[in-house]
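Step one of this worksheet: look at the structure below.
Protein chains: 4
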Amino acid sequence: MLCRRPARKLSQRANAKGLERHVPVDKNMKPVLDAAEVNALLAKVFPQLNESAHEYQAIEVFPGGCTVRLNATERHLRPGNTVSGTALFALADIGGYVCVLSHAGPDALSVTTNLSINFMRKAEAGPIDGHCRILKLGKSLMVFDIDMTAGPHGQTIAHAVGTYSIPPKR
Amino acid sequence: MLCRRPARKLSQRANAKGLERHVPVDKNMKPVLDAAEVNALLAKVFPQLNESAHEYQAIEVFPGGCTVRLNATERHLRPGNTVSGTALFALADIGGYVCVLSHAGPDALSVTTNLSINFMRKAEAGPIDGHCRILKLGKSLMVFDIDMTAGPHGQTIAHAVGTYSIPPKR
Amino acid sequence: MLCRRPARKLSQRANAKGLERHVPVDKNMKPVLDAAEVNALLAKVFPQLNESAHEYQAIEVFPGGCTVRLNATERHLRPGNTVSGTALFALADIGGYVCVLSHAGPDALSVTTNLSINFMRKAEAGPIDGHCRILKLGKSLMVFDIDMTAGPHGQTIAHAVGTYSIPPKR
Amino acid sequence: MLCRRPARKLSQRANAKGLERHVPVDKNMKPVLDAAEVNALLAKVFPQLNESAHEYQAIEVFPGGCTVRLNATERHLRPGNTVSGTALFALADIGGYVCVLSHAGPDALSVTTNLSINFMRKAEAGPIDGHCRILKLGKSLMVFDIDMTAGPHGQTIAHAVGTYSIPPKR
Chain A
5 MLCRRPARKL
15 SQRANAKGLE
25 RHVPVDKNMK
35 PVLDAAEVNA
45 LLAKVFPQLN
55 ESAHEYQAIE
65 VFPGGCTVRL
75 NATERHLRPG
85 NTVSGTALFA
95 LADIGGYVCV
105 LSHAGPDALS
115 VTTNLSINFM
125 RKAEAGPIDG
135 HCRILKLGKS
145 LMVFDIDMTA
155 GPHGQTIAHA
165 VGTYSIPPKR
Chain S
5 MLCRRPARKL
15 SQRANAKGLE
25 RHVPVDKNMK
35 PVLDAAEVNA
45 LLAKVFPQLN
55 ESAHEYQAIE
65 VFPGGCTVRL
75 NATERHLRPG
85 NTVSGTALFA
95 LADIGGYVCV
105 LSHAGPDALS
115 VTTNLSINFM
125 RKAEAGPIDG
135 HCRILKLGKS
145 LMVFDIDMTA
155 GPHGQTIAHA
165 VGTYSIPPKR
Chain F
5 MLCRRPARKL
15 SQRANAKGLE
25 RHVPVDKNMK
35 PVLDAAEVNA
45 LLAKVFPQLN
55 ESAHEYQAIE
65 VFPGGCTVRL
75 NATERHLRPG
85 NTVSGTALFA
95 LADIGGYVCV
105 LSHAGPDALS
115 VTTNLSINFM
125 RKAEAGPIDG
135 HCRILKLGKS
145 LMVFDIDMTA
155 GPHGQTIAHA
165 VGTYSIPPKR
Chain L
5 MLCRRPARKL
15 SQRANAKGLE
25 RHVPVDKNMK
35 PVLDAAEVNA
45 LLAKVFPQLN
55 ESAHEYQAIE
65 VFPGGCTVRL
75 NATERHLRPG
85 NTVSGTALFA
95 LADIGGYVCV
105 LSHAGPDALS
115 VTTNLSINFM
125 RKAEAGPIDG
135 HCRILKLGKS
145 LMVFDIDMTA
155 GPHGQTIAHA
165 VGTYSIPPKR
């Protein structure tokens, strides 16, 4: 079973510390795949994503967004013993991919056209949650952002905004 | 089934349009200036911002963020009769400036080091609100993001993430 | 007459200081408008760009790119007496617009979808040259970057990368 | 006629493919490590970078920039059999890291603060070269960009701009 700790609980913990984290939602969007279906699709079409363990996974899909998780281990670290920018980029990129697969349909050939990422705090090995929000879902482009949070206080360690190009329906 | 408690439970206070917009807040941050004080400072140190009317202004300052507004007129439009990217960039940039002035103190010499902006929807002349959130407030850098919303449905028309460099205390 | 000091001369001066500035070029691209034609088009469809003087202008169009210029005055300054981020954003955005108008044809309704800008050095009032390069010219998207240089040493004061969405041919 | 001496005169040394790629250089910068020294440092402080083969490596260090290479294999691909965005992000990030290590000195604790990447064309498995240029080398921040080229025509497949934070000298 993949997602024992729902993202909301994180939010509740965060609130206790004086942090608030609401994921804005466009309820008019209708996901067509849930998290389990997306994870199954990822395992099939993108085997390189998780070479061994379930490092990157969809935790939840909801109208207008999703939550993804990186279970960061030793191999995701960089000098300074913090999770590398590349591992966090991968989490952001997979967050957008889960958004597009779940909301625009399971066409694996959607591709990132650009992504801008800011690194705010260091993160140790452990779970890092990515809270994704679809900012625009058009016919050919989807724009999303993602807050990546980690640690006992659920602080934002990185943030990214990206665009996926959606291929024409075949 | 993977996740029982979806993040959108948070959406129960959603507005009539089915869109929800919560600005995450770090309640541990303490603003040192309010919106009126920031507007007075802007008028004094940055007269170029509002050559005539009160086009760009701080609406609210709260712990961890602020709201700014552009009252877009004919002169902010570009071909297609939509608010220009430059006018929206200016709103994003002033949103970050209000964040840094209100939270790091009234040093006018803080400067933007980078800003990444996505344009999602067209906006007509009229008020455009910028919902700003401080993602990190360090000694020398502040990172923020801003959702720019407009129109009867309060849709996000643009989104930006930027960094301000804060000069050393003198 | 608009461009007395061609961009290359800047480059030659720069070389004397130990700086080199080559604009990479894809010679397979064929511009369909030259700088004078683009300036005439801008004056017609985008009167807001230059409310009074010729502040923003195309200086040169060449296969795969263009040079644009901002003649920055007092009104483009921000606190610290340096050219504002907004004025430089406008130069970057107009650089992309000149690229798309000159290379994809004079459809004024091409719009910026995103732009990421870095500010490296302060610039005083005076001419700021934007050296633009088309990184990709597709059917529906054009990606470009721009080096903005100023001052006696022709140093890069800002750099941006952006994407324009090109409307379908009508 | 507007401009007599077009910037593309610089293109006369263009290559056989009609594409030209000059990396602008600030000759006043003095690298303190060469490519072999940087590769040795990377192997020591960042073993996660190349788990098995020499996938990511510095090819050349020159004043004001460097060239890095990704030897992309099957494991760097994503759906569509193209090199993944994450593998290209890693190349861009390592390009900036090589710039900062070689020019600001071998302090492994410099970290990326932000990076914005655009993906322009698909790339197959094989070598991908990253041409890096230092846009600014300050005391605490370094800004760089990178053109990533691949394939028989050496086309730009991706482009990134990023910032590294340099820790204070100890």
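Chains as they are written, first to last, in the numbering used here: chain A, 5 to 174; chain S, 5 to 174; chain F, 5 to 174; chain L, 5 to 174. No residue lacks a Cβ here, since even glycine has one placed at the ideal position from N, Cα and C.
- In terms of beta-carbon proximity, residue 159 of chain F stays away from the interface with chain S, with every pair separated by 7 Å or more.
- Excluding residues up to 5 positions away in sequence, 119, 121, 134, 150, 152, 162, 164, 166 lie with their Cβ nearer than 8 Å to the Cβ of residue 96 of chain F in the same chain.
- Here DSSP, grouped into helix, strand and coil, assigns residue 170 of chain S to coil.
- Of the candidates S:92, S:42, S:143, the residue whose Cα lies closest to the Cα of residue 81 of chain S is S:92.
- Nearest to residue 36 of chain S by alpha-carbon distance, out of S:86, S:64, S:51, is S:64.
- When only Cα atoms are considered, residue 146 of chain A and residue 112 of chain A end up about 14 Å apart.
- Residue ranges of uninterrupted beta strand (DSSP E) with 3 or more members are absent from the stretch 36-61 of chain A; none lies entirely inside it.
- Cβ neighbours of residue 144 of chain L within its own chain (closer than 6 Å, five residues either side excluded): 170.
- Residue 123 of chain F places its beta carbon 7 Å or farther from that of residue 99 of chain F.
- When C-beta distances to chain A are compared with 8 Å, the residues of the stretch 96-128 of chain S below that value are 120, 122, 124, 125, in chain order.
- Boundaries around residue 97 of chain A are those of the alpha helix (DSSP H), 89-108, since no beta strand (DSSP E) includes it.
- Taking C-beta atoms under 8 Å as the contact rule, residue 61 of chain S and residue 72 of chain S qualify, at a distance of about 7 Å.
- For residue 120 of chain A, the enclosing beta strand (DSSP E) starts and ends at 115-123.
- For the stretch 79-91 of chain A, the set of residues with a beta-carbon nearer than 9 Å to any beta-carbon of chain L comprises 79, 80, 81, 82, 83, 84, 86, 88, 89, 90, 91, in chain order.
- A residue is called buried when at least 16 other Cβ atoms come within 10 angstroms of its Cβ; residue 59 of chain S meets this threshold and is buried.
- Under the DSSP assignment, residue 135 of chain S falls in the beta strand (DSSP E) whose first and last residues are 130-141.
- Listed along chain A are 82, 83, each with a C-beta nearer than 8 Å to that of residue 50 of chain L.
- Residues of the same chain with a CB within less than 6 Å of the CB of residue 115 of chain F, apart from the 5 flanking positions on each side, are 169 in chain order.
- Per DSSP, residue 127 of chain S lies in no beta strand (DSSP E) and is assigned neither H nor E.
- Under DSSP, residue 75 of chain L takes part in a beta bridge, and its partners are L:131.
- For the pair residue 43 of chain A and residue 66 of chain A, the Cα-to-Cα distance works out to about 15 Å.
- Looking from the CA of residue 136 of chain L, the closest CA among L:79, L:142, L:104 belongs to L:104.
- For the set S:131, S:102, S:130, S:157, the Cα lying nearest the Cα of residue 41 of chain S is the one of S:102.
- Between the beta-carbon of residue 57 of chain F and that of residue 87 of chain F there is about 15 Å, and that puts the pair past the 8 Å contact cut.
- Rounded to the nearest whole angstrom, the C-alpha separation of residue 131 of chain S and residue 157 of chain S is 13 Å.
- Residue 110 of chain F places its beta carbon 7 Å or farther from that of residue 46 of chain F.
- Taking all protein chains shown into account, residue 172 of chain F has fewer than 16 neighbouring C-beta atoms within 10 Å of its C-beta and is therefore exposed.
- Counting the other CB atoms within 10 Å of its CB gives residue 142 of chain A a total below 16, which places it among the exposed residues.
- Look at residue 80 of chain F here: in three-state DSSP terms it is helix.
- Only residues of its own chain outside the window of five on either side were considered, and among them 35, 36, 37, 42, 65, 70 have a CB closer than 7 Å to the CB of residue 106 of chain S, listed in chain order.
- About 6 Å separates the CB atoms of residue 139 of chain S and residue 160 of chain A; that is less than 8 Å, so the two are in contact.
- Using a Cβ-Cβ cut-off of 7 Å, residue 94 of chain S is close to 90 of chain F, given in chain order.
- Against chain S, a Cβ distance below 9 Å from residue 167 of chain L picks out 117, 118, 167.
- Cβ proximity to chain A below 7 Å picks out 139, 140, 147, 149 from the stretch 138-155 of chain S.
- Listed along chain F is no residue with a C-beta nearer than 9 Å to that of residue 58 of chain L; the closest approach is about 28 Å.
- Within the same chain, 159, 161 come within 7 Å of residue 125 of chain A by CB-CB distance, once the 5 residues on both sides are set aside.
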